[in-house]
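Scroll down for the structure; my scribbles are underneath it.
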Amino acid sequence: MIRLENIKKIYKMGEYEVHALRGVSLHIKAHEFVSIIGPSGSGKSTLMNMIGCLDVPTSGAYYVDGIEVSKMKDDQLADLRNKKIGFIFQQYNLLSRLTALENVELPLIYRGMSAQERQRLAKEALERVGLGDKIKHKPNELSGGQQQRVSIARALSSKPSLILADEPTGALDSKSGIEIMQMLHELHNEGNTIVLITHDLKIAKQAERVVTISDGSIVSDIDNKEGNEVSL
Amino acid sequence: MTKFIQSFKMAMRSISGNKGRSALTMLGIIIGVASVIILTGIGEGSTKAIRDKLASMGTNLVTVSLTRGMQGSRIITVDDVTEFAQKNTDLIASVSPLVSSTVTTKYGDVNSDSTTLEGVSAEYKTIKNVTLASGRFITDSEVEDRANVAVVGSYIQKEYFGGLSPIGEEIKINGQIFTIIGVYEETSDSTEESTDNKVTIPYTKATRLIKNKYISTFYVSAASEDAAEDAVTALKAFMTKKLGTDSGFRVQSQKEMLETMSEMTGVMTNMLAGIAAISLVVGGIGIMNIMLVSVSERTREIGIRKAIGARTSDILLQFLIESTVVSAMGGVIGIALGIGSGAGVGSLISIEFVTKMSMVILSFLFALFVGIFFGLYPAKKASKLNPIEALRSE
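Chains as they are written, first to last, in my numbering: chain P, 1 to 232; chain U, 233 to 626.
Structure (structure tokens):
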């Protein structure tokens, strides 16, 4: 599914070199639900950018569905993100001028899909997250939890290999947060591969596998099949 | 294609989502396009006015003139030209010499020392298509007799005779007494500096009055409009033979003169269009300015789009279409405004406003080009944003 081999990422800050990742190797199989936990400054965000194909490593190899990503150009990365990765962000990151339906259609537009096909898939995804009656609403007409569900629908609409959720409950009240986590579990049970990035141990523990990162290296990788109770 | 339509929809949404700003951005283009159309329309109108005026003077007219250096050094007499005309009646209908000078005119205690004097023959009236407000023109016998008769411009009637009929009155030209036999129709505004301040007398009298027996200009009326070009050729050959050189004189048909004048006013019109085009470029800079603001305001949006799979070219296209649509809309409004107000501006300065379709299309295309050109830099900037940094921005 996805495989990172000795990934290093070095940022140059003037004369200093910042080693954000110091040789990370990680293998995530299809249908897994993995959380990656670490405090801020641990390299967690850099790792997420790598997994999400938003950035390329300084050295090391990264494979998504067997495709080598680490030497790709910007437009190749864009295409790969479009087809393989579904993003769920902490701040929802919906476009405020577009309706829920149009937001969900967006990744399909960049795939060059016909309007008819696009709308069908987008409606399907919105119905899946329980917003079939709100497709014409703009983000500011929806609650935080609903906006996050639109963003989940957007991630689902392109039927990606991997759903990458970055602090998906971080901006939500606890009730909405629980709903969102429940939805991620459902998606996992339906066969989706999910990677959840968080700094919150309680959230992280809900995944079946917890990877802890600190100071640019993986410090623990625990199988956690039992800890599946949803809470916040 | 789907992407293109989608980018177009997005651009329209962003323009309508920011109506006030979009309108202000368009204003530069609107003013630019409108001024191109108004200025070229008025330029075209004055060209048309000049053309009409020249045409009214007779399209059969051919002017033969000795250029400055030749005047008086070799002699072309009226008899020479008349004889040539009589031999070529298939080409030439009539001939009138023209003696011109500036003279003083006086009636009672009113006078002018910048009156234009023309000495001509009786044929001049038909050759130049002259219309008189009152009285009659000079006759053949008056030319033969060197009679002291004059046809005067409307300025003289207005200023010297208080607008009353001057026919039969006597006027002093360079101190000699002339009887007024006719008055020209007003050609401009009857002021001392205008073409209405003139007197026309028999050329035989004029050469004596200004003490210059050499005639340097002849007006020739071609037998027909079609014969004009052949008449020019024949007259050139005649002049070359007479003078023994092919330089030092000019034979020009009214048609050629018309073309020369049209060319001159055409240059003027294009110059005006060029000046107006500068305001279009300034409008383009306005577009660039707003697009740059828009890009920095929408950094996060660009980040989101890139994260979910927009390529560099997708973002480029989106912003480029936006600036192009703004300039195209400005162009259309500018055309409407230009055509709408052009007639009003024209009547204000009493010049007919002529809408030139080619200029309308050209100014629109130029506006479009401006939108693309000045939209390119902001769009490039947007498309090159790093998605990670763009997502992090507020």
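Ideal placement from N, C-alpha and C gives every residue a C-beta, glycine not left out.
Closest in alpha carbon position to Ile197(P), among Glu186(P), Gly191(P), Glu190(P) and Val210(P), is Val210(P).
By the criterion of a C-beta distance shorter than 8 Å, Asn224(P) is surrounded in its chain by Lys205, Ala207, Glu208, Arg209 and Val210, once the five residues flanking it on both sides are discounted.
Straight through space, the alpha carbons of Gly578(U) and Ala469(U) are spaced by roughly 45 Å. For the pair Ala438(U) and Val331(U), the Cα-to-Cα distance works out to about 7 Å. For Ala115(P), the neighbours in chain U by C-beta distance under 8 Å run, in chain order, Thr234. About 6 Å separates the beta carbons of Val586(U) and Gly273(U), which is inside the 8 Å limit, making them a contact pair. With a minimum length of 4 residues, the unbroken runs of alpha helix (DSSP H) contained wholly in the segment 544-618 of chain U fall at 544-580 and 589-615. For chain U, the residues of the segment 62-88 of chain P that bring a beta carbon within less than 7 Å of one of its beta carbons are Asp74, Asp75, Ala78, Asp79, Arg81, Asn82 and Phe87, in chain order. For Gln238(U), the residues of chain P that pass the 8 Å Cβ criterion are Ile109, in the order they occur in the chain.
With respect to the 8 Å criterion, Gly264(U) and Leu512(U) are classified as neighbours on the basis of their beta carbons. Cβ neighbours of Ala463(U) within its own chain (closer than 7 Å, five residues either side excluded): Val294, Leu323, Ile324, Val452 and Ala454. At a cut-off of 8 Å between beta carbons, Arg97(P) contacts chain U. For the 8 Å CB-CB criterion, Pro160(P) and Ile85(P) form a contact. Contact annotation: in the segment 551-562 of chain U, no residue has its CB less than 7 Å from a CB in chain P. Interface flag for Lys613(U) against chain P is unset, since no Cβ pair is found closer than 8 Å. Listed along chain U are Ile620, each with a C-beta nearer than 7 Å to that of Asn49(P). Beta-bridge analysis with DSSP links Ala165(P) to Ile88(P) and Leu196(P). Contact with chain U is absent for Gly145(P), since none of that chain's Cβ atoms lies less than 8 Å from the residue's Cβ.
Going by beta carbons, Ala505(U) and Met589(U) fall outside the 8 Å limit. Boundaries of the beta strand (DSSP E) harbouring Glu17(P): Tyr16 to Ile28, taken from the DSSP string. Counting every other CB atom within 10 Å of its CB across the protein chains shown gives Lys430(U) a total of 16 or more, marking it as buried. Counting only the Cα atoms, Glu584(U) lies some 16 Å from Met500(U). Partner residues in a beta bridge of Ala460(U), as assigned by DSSP, do not exist.
Taken through DSSP and simplified to helix, strand or coil, Lys136(P) comes out as coil.
Proximity of the segment 479-494 of chain U to the segment 514-521 of chain U falls short of the contact definition, fewer than three beta-carbon pairs being nearer than 8 Å. Nearest Cα to Met183(P) within the set His19(P), Ile28(P) and Ala165(P): Ala165(P).
Secondary structure of Tyr392(U) (DSSP, three-state): helix. Counted as a single uninterrupted DSSP element, the beta strand (DSSP E) harbouring Glu402(U) occupies residues Glu402 to Ile405.
Interface annotation for the segment 519-546 of chain U against chain P: Arg532, Glu533, Gly535, Ile536, Arg537, Lys538, Ala539, Ile540, Gly541, Ala542, Arg543, Thr544, Ser545 and Asp546, criterion Cβ-Cβ distance under 9 Å. Counting of Cβ neighbours within 10 angstroms places Met561(U) among the buried residues, the total reaching 16 or more. Taken through DSSP and simplified to helix, strand or coil, Leu184(P) comes out as helix.
Under the three-state reduction of DSSP, Tyr446(U) is assigned to coil, being neither helix nor strand.
For Gly14(P), not one C-beta of chain U is nearer than 8 Å to its own C-beta.
A direct Cα-Cα distance of roughly 39 Å separates Ser42(P) from Lys235(U). With a threshold of 8 Å between beta carbons, Arg245(U) makes contact with chain P. Rounded to the nearest angstrom, the Cβ distance from Leu4(P) to Gly60(P) is 7 Å, consistent with a contact under 8 Å.
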